[in-house]
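In order, the protein sequence lines correspond to chains H and B. The numbering of the first sequence is my numbering, which starts it at 8 and goes up by one. The numbering of the second sequence is my numbering, which starts it at 309 and goes up by one. First the structure, in the form of structure tokens, and then the observations on it.
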Amino acid sequence: MLLSALTLTPGVVGVLLLLFVPRGAVSLHRWASLLASLVSLALAVVVWSRFDPASATFQLVEARPWLPAYGVFYRLGVDGISLLLVLLTTLLQPLVFISSWHAIKERVKGYVVAMLLLETGMIGAFLATDLFLFYVFWELMLLPMYFIIGVWGGERRVYAAVKFVLFTLAGSLLMLVGIIYLSWLHHAQFGSWSFAYEDMRRLVIPMGQGFWHSPQLLLFTAFALAFAIKVPVWPLHTWLPDAHVEAPTGGSIILAGVLLKLGTFGLLRFNRVLFPEAWEKAAPLFIVLSVIAIIYGALGSWAQKDIKKLVAYSSVSHMGFIVLGLFVGGIAATQGALIQMVNHGLSTGALFMLVGVIYERRHTRLIEDFGGLAAVMPYYTGAFLLTTLASIGLPGLNGFVGEFLILAGSYRTHPVAVALAATGIVLGAVYMLSLVQRVFWNALTNPENERLSDLAWYEGVAFAPLAIFMIWIGVHPRTFLSLSEAAVARLIGG
Amino acid sequence: MPINDLATILPELLLVLVGALLALADSLAPSLRPRFALLAAVAVAGATVLRWAIPLPGRVWGGVLLVDPMARFVDSYILAALFLCALLAEPYLARTGARFGEFYALLLWAGVGAMVMAKSDNLLVIFVGLELLSISLYALNAFHTGNVLSLEAGWKYLVVGGFSAAVLLFGVALLYGATGTLSLASTPAPSAPLASGGSLLLTGLGLVFAGLAFKLALAPFHAWAPDVYQGSPTPVTAFLSVVPKGAALVVLARLVAALLPLAALPRWTGLLAAVAVLSMTLGNLVAIAQRDLKRMLAYSGIAHMGYALVGLVAFGQDGVAAVLVYLAAYTLMNIAAFAVVSAFSEGEEEPHLITDLAGQGWVRPGLSFALAVAMFSLAGIPPTVGFAAKFLVFRAAVLNDLVWLAVVGVLNSLVSVFFYVRVVYYLYMRPLPKRQPQFSEPVLVRLVAGLCAVGIFLLGLLPGIVLAGAEVAARTLPR
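Okay, structure coming up:
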């Protein structure tokens, strides 16, 4: 019941708000949504406290028949991998509501309802241990995000929203056929219908000859396409800058902080485990693509004039690291990729939040419009600097842990990839620090920037938890690494 | 004639009688006109109760009618569609000043025609049911006599319908020649010699299929659909878009089940698959280009019958059950869509432009939400019933070694998302125009749209409710 409560609380509150609370009751909508997300966060912490890190299997398992004759069950379960990501999701969601408190003034009802449904979709996708249920939650995320970008977004929001929907669906529909095929395979091999993840692990999926006659390669492709678009793996990334830049601040935080992780999570959870031989075969391709993404994203960031776009492109680069870690394999690299998912969620979430703060004050995000902000916004500068340092991997902060583990886990087997990826780290420092210099240190030339107010108390409250975790993971990563150790070891062990 | 046989068709008898009474009452007691919709709806509800109250003896009336679980399933959804359309029609007729008893009489009789069609085992009785359905619809299409588009729709449907009926009848004649019987169930066993009758049988089968494909608006027999959808009174369009298609699809399923052992299987399956692919692809691609909402829904309907046909290509119990669930889903989402369309139109002569929906999402949240839900369901996005239905159909395809057909289906779904989502885009992401359209929101329309939206979510989350019935129904087919 605990996992169901955690998953469904936001969505149920969202539906209740939608049906029974009039549009005019703006503060009720705001408070109720914040409260629902806090309840989810509290439940996630309870799950954390009950979680046994020594066990590698799914815990707190729930199973209820849904279409039992077809093998469709409502199955939830948590392991170390999903626990980390659920904690990240439930941590970010209240912060989204706080940072949207004043930013979203119109159609508040629609916004909070969409956000709450989205949260249920995200948590459900992490916790589902039935492929059918996973697909339902996966698609449940699509429409709220479509509305969030399309209604509350920037100037080119509609283009960005439609592009987001079509890209995402293009990937996931083939995955649906793949899921159905897996259940058929289960029936063929075991004589019963099932969509359960644990049952799928027992399947023997033939490799066959060539690509078109290899069920495993085709299934791998169907699943990987859905996840690679979500990550996004270069060259499928083109939807990302549009969606991130046009989305409202809250939408960008969730999109970069959690939705992208669903892609890497899916690769690890499904592709790696269910299609191991195809995974081996595809690894070189994905390693090359991820190295391209690392460098391409970094160069793309460097060239941007808009701060939000810069952060968006940096996501392509950072996600490239995670994909690299996943496909190199090995416990260290996989653990590194996993903790890096959390890190990227924290630091990019924080960056988008902070970009939102100055956008609200100045209604511009162009780097050249700023300069010398350190003098007028000292706290804001401190927050931005901390996040920047975390993002570029300064030892002692969270980003370092993940990048170090990925590179240390990879260099023995893939020295060239590591060398190239390391240039990505250097480039990351270049574009982020030059951003900081141009925005905060240079002379304060623009008179409009002279009277900017510093972080408001609620903005500080929203940022503080992220800062705490950036330092916590940086100083004592074992707290989090130990959670997923057993689950990852089981994964790698096969 | 045993009295027991009479009892098995009580629901049909009730509807025929109430229809006749309403037609009479129109001249005898015109003051009752505002209540006709309610009377018709009550009669439909009564027929539904009767259908579920009386037992299912199977073969009755000397083997002509099959009152089995399949018939009950199809009747239930025909009656549900009738109920919703009758309610939907009242505000429409009030607005256009055409609140006549004949409308409801024709509507009920059309429903009876569909019900007879769906439960008949005899090819000629199927034909009679089809004609009852079609002739009632010719008049209903043209019911809005002040609108030239409506007259055009009636005329077009008459010409095409007459033609397709002739094709079907010719096919029936050939089948009779080939098999020596009009009964589907008593066709000769597969071992019977086919050498002489083989081509005759296949030609007859092809012609009957073509006749039914006209009713289903499957490509390449679809050309009438956009004009007829657009011109017909919207409540009639709603009825037309679901009931005849459902009945025809069930006839097709019975036909396939009965003749499958006789006909050359691969050729027959190949033909069905080709028509399914063509319908899906053509319907979805052309729907993108539509600016009129009703025309867009016409092309979407062509595509959806293509999806449903995928289930029949797969056949087997899974396939037929999937098709039946698909029909129920399609009924809910299409009627929801047309209910909102009937509210979101200023005058019946006006085109129902998608652009006119701009900004309505924030002004008329209830109806707009229902339309958005219908669009997402038609696009097949969970947790709506449209997704559950598509899942079952594609599952049936994969299970029967037709993965390629499932892939074509999902790719088509992707294409369709584009135009369904565009409706939502106009509703919520475009500013209200300066000249605000004068839309009405009659209570009955809101009720119908609300019921359908609730059904879309309920059956989307708990598809087991309708799937259980569909499986029992599917089991009645031989094989």
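Where a beta carbon is used, it is the ideal one built from N, C-alpha and C, also for glycine.
Beta-carbon neighbours of residue i, restricted to chain B and to distances below 8 Å
i, result
"H:L267", "Result: empty, since nearest Cβ-Cβ is about 21 Å, beyond 8 Å."
"H:F157", "It is Gly, not Phe, that sits at residue 157 of chain H in the sequence shown. Those are Y733, Y736, M737, listed as they occur along chain B."
"H:V505", "As displayed, chain H neither begins before 8 nor continues past 501, which places residue 505 of chain H out of reach and without an answer."
"H:L147", "P690, P691"
"H:A167", "None at all; the shortest Cβ gap to chain B is about 11 Å."
Residue i burial status per 10 Å Cβ neighbour count (16 or more: buried)
i, result
"B:N312", "exposed"
"H:D59", "exposed"
"H:G501", "Note that H:G501 scores a pLDDT of 49, beneath 50, so its modelled location is shaky; the value from the coordinates is reported in the next line. Looking at its Cβ environment, which holds fewer than 16 other Cβ atoms inside 10 Å, H:G501 is exposed."
"H:F487", "buried"
"B:G371", "exposed"
"B:D376", "buried"
"H:P248", "buried"
"B:A331", "buried"
"B:P501", "For B:P501, the predicted structure reports a pLDDT of 48, less than 50, and the residue's modelled location is therefore unreliable. A value from the coordinates is still provided. Classification of B:P501: exposed, given that the 10 Å Cβ count is below 16."
"H:I130", "buried"
"H:A61", "exposed"
"B:F411", "buried"
"B:D709", "exposed"
"H:K312", "exposed"
"B:V649", "buried"
"H:L91", "buried"
"B:A503", "Residue placement at B:A503 cannot be trusted, given a pLDDT of 49 that sits under 50; what the coordinates show is reported in the next sentence. Burial call: exposed."
"H:E466", "buried"
"H:A203", "buried"
"H:V49", "It should be noted that the sequence gives Ala, not Val, for residue 49 of chain H. Burial call: exposed."
Where residue i falls: helix, strand or coil (DSSP)
i, result
"H:N278", "helix"
"H:D59", "coil"
"B:L632", "helix"
"B:N720", "helix"
"B:D600", "strand"
"H:D137", "strand"
"H:A203", "strand"
"H:L373", "strand"
"B:S491", "strand"
"H:D313", "strand"
"B:M423", "helix"
"B:T784", "coil"
"B:I317", "coil"
"H:N350", "helix"
"B:N592", "helix"
"B:A503", "Since pLDDT at B:A503 reaches only 49, below the 50 mark, its modelled position is unreliable, and the value read off the structure follows with that caveat. Coil."
"B:L388", "It is Ala, not Leu, that sits at residue 388 of chain B in the sequence shown. Three-state result, B:A388: helix."
"H:H421", "coil"
"B:A474", "helix"
"B:A348", "helix"
"B:W532", "coil"
Residue(s) in a DSSP beta bridge with residue i
i, result
"H:R82", "H:A70"
"B:V375", "B:G366"
"B:L661", "B:D600"
"B:N430", "B:S491"
Residue i: contacting residues in chain H (beta-carbon distance under 7 Å)
i, result
"B:R703", "I187"
"B:L707", "W191"
"B:P528", "In chain order: nothing, as chain H lies at least about 26 Å away."
Within chain H, the residues that residue i reaches when beta carbons sit closer than 9 Å
i, result
"B:P741", "In chain order: nothing, as chain H lies at least about 16 Å away."
"B:A714", "L183, V184, I187, Y188"
Partners in chain H for residue i, counting only beta-carbon separations shorter than 8 Å
i, result
"B:W670", "R114"
"B:F684", "L150"
Chain-ordered chain B contacts of residue i [CB-CB under 9 Å]
i, result
"H:E69", "None at all; the shortest Cβ gap to chain B is about 17 Å."
"H:F230", "Within 9 Å Cβ-Cβ: nothing; H:F230 doesn't reach chain B, min ~14 Å."
In chain order, which continuous runs of the beta strand (DSSP E) of length 3 or greater are located wholly inside the region 452-485 of chain H? none
Check each residue of the region 717-730 of chain B: if its Cβ is closer than 9 Å to any Cβ of chain D, include it; give the result in chain order. In summary, chain D is missing from the structure at hand, where the protein chains are H and B.
Identify every run of the alpha helix (DSSP H) within the region 205-259 of chain H, keeping only runs that are complete inside it and at least 4 residues long; order them along the chain. 222-237, 246-253
Entirely enclosed alpha helix (DSSP H) segments - the region 682-722 of chain B, minimum 4 residues: 693-707
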